[in-house]
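Enquirer:
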Amino acid sequence: MAHSSTLPDTIDGKAVQSLVEAQAIRGAVVLGQPGGWNVLVRYGTLERAVAAQRARKPRLWRNLATAAAFVREELGIARFEVDALNHEPDAAARKRPDQSERMKQKHEAGEHDAWFRGEVEKSLARADSGEAQWFSHETVMSKLDARIARLKGTGA
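Anchor point for the sequence shown: position 57 equals 88 in the numbering used here, and the numbering is continuous, going up by one each time.
(1) Quick one: residues in its chain with C-beta nearer than 7 Å to the C-beta of residue 48, no 5 flanking neighbours on either side, listed in chain order?
(2) Check whether the Cβ atoms of residue 64 and residue 91 sit closer than 8 Å, and answer yes or no.
(3) What is the DSSP secondary structure of residue 146, reduced to helix, strand or coil?
(4) Can a CB atom of chain C be found closer than 8 Å to the CB of residue 163?
(5) Skipping 5 residues on each side, what residues in its chain have a beta carbon closer than 6 Å to that of residue 58?
(6) Which residue from 53, 149, 62, 42 puts its Cα closest to that of residue 85?
(7) With DSSP as the reference, label residue 63 as helix, strand or coil.
(8) Pull up the distance between the alpha-carbon of residue 137 and that of residue 89, whole angstroms please.
(9) Nearest-angstrom Cα distance between residue 142 and residue 133?
(10) Hey, quick one: how far does the beta strand (DSSP E) through residue 112 stretch, first residue to last?
(11) Pull up the DSSP beta-bridge partners for residue 68, would you.
(12) If you check the beta carbons only, do residue 98 and residue 70 fall under 8 Å apart?
(13) Considering only DSSP beta bridges, list what residue 12 is partnered with.
Set out below in structure tokens:
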């Protein structure tokens, strides 16, 4: 089947999964696009492009292997068409500012975690060595009560 440069309507992932479970998908096409690959599913007399999550636009796989793995593993179709006519691998440079921010936060969290674990290790080593000074609960509470009273008396 020849494909035009315009994609057919989309179908969301949940609907595709329902069709897979009902064994209603007749075939699939991995369709080359500028910047990647779309997957078209055939069911009944219709052909639809698999939509990206939480979007009404077709999902774009960056490489053919991952699109093919989706067709094989998620759709359960071992034999399918590949149409590379319109594929232009470097045509669309995808930018993911949300992904960039997520990675930055993950890196910062990792640095903080490493610092925190280091501080805990130092404190445990100090406690084990006998350097640490220990106070009873009663002593700490009486000092805290005195401090609270002092602060209340100064109006702070």
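For every residue, glycine included, the Cβ atom is placed at its ideal position computed from N, Cα and C.
Keep in mind the model is a prediction, meaning the values are calculated, not measured.
Expert: Looking at the atomic coordinates:
(1) Numbered from its first residue, the sequence shown carries residue 48 at position 17. Counting only Cβ-Cβ distances below 7 Å, and skipping sequence neighbours, we find nothing.
(2) For the purposes of this step, residue 64 is taken as residue 33 along the sequence shown, with counting starting at 1. For the purposes of this step, residue 91 is taken as residue 60 along the sequence shown, with counting starting at 1. For residue 64 and residue 91, yes; Cβs fall inside 8 Å.
(3) Taking the sequence shown and counting its residues from 1, one reaches residue 146 at position 115. Residue state, collapsed to three classes: helix.
(4) Among the chains of the structure shown, chain C does not appear; only one protein chain is present.
(5) Within the sequence shown, residue 58 is the residue found at index 27, counting from 1. Once the five neighbours on either side are set aside, the close Cβ partners of residue 58 are 73.
(6) Counted from its first residue, the sequence shown places residue 85 at position 54. When only C-alpha atoms are compared, the closest one is 42.
(7) Within the sequence shown, the letter at position 32 stands for residue 63. If DSSP states are grouped into helix, strand and coil, residue 63 belongs with the strands.
(8) Numbered from its first residue, the sequence shown carries residue 137 at position 106. Numbered from its first residue, the sequence shown carries residue 89 at position 58. Straight-line Cα distance between these residues: approximately 29 Å.
(9) For the purposes of this step, residue 142 is identified with residue 111 of the sequence shown, where counting begins at 1. For the purposes of this step, residue 133 is identified with residue 102 of the sequence shown, where counting begins at 1. Computed Cα separation, rounded: 14 Å.
(10) On the sequence shown, residue 112 is found 81 positions in, with the first residue counted as 1. Counting along the chain, the beta strand (DSSP E) containing residue 112 begins and ends at 112–114.
(11) Position 37 of the sequence shown holds residue 68. Note: residue 68 sits in a beta bridge opposite 63, 92.
(12) To locate residue 98, count along the sequence shown from 1; it is residue 67. To locate residue 70, count along the sequence shown from 1; it is residue 39. It is a contact, given that the beta carbons lie within the stated cut-off.
(13) Residue 12 is absent from the structure shown; the chain starts at 32 and stops at 187.
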